[in-house]
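Per this note's numbering, the very first residue in the sequence shown carries number 19; after that it's consecutive. Yeah, the Cβ is synthetic: ideal placement off N, Cα and C, and Gly gets one too. What you are looking at is a predicted structure, and each value in this text was computed from that prediction instead of being measured.
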Amino acid sequence: MANPKKRTSSRKRNTRRSHIRLKAMGTVTCTNCQELKLRHRVCPSCGFYKDQVVVETAID
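Here's what the structure looks like:
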């Protein structure tokens, strides 16, 4: 088995792992109620998608 001749420094290790991370979710504001929602999905608070009512929501 091949073994490393020198210890990998923390800087080298972290540079190699720099692309491994969680991606931020793409959030936008709803055009109807101005609340944050995920892109290309129905707004959970008002039920609108592309300026049309898609899901009826319960009024609190």
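Looking at the backbone, the Cα of T26 and that of R35 are separated by about 13 Å. In this structure, the straight-line span from the alpha carbon of C64 to that of I38 is close to 35 Å. The alpha-carbon of V60 is positioned some 11 Å away from that of E74.
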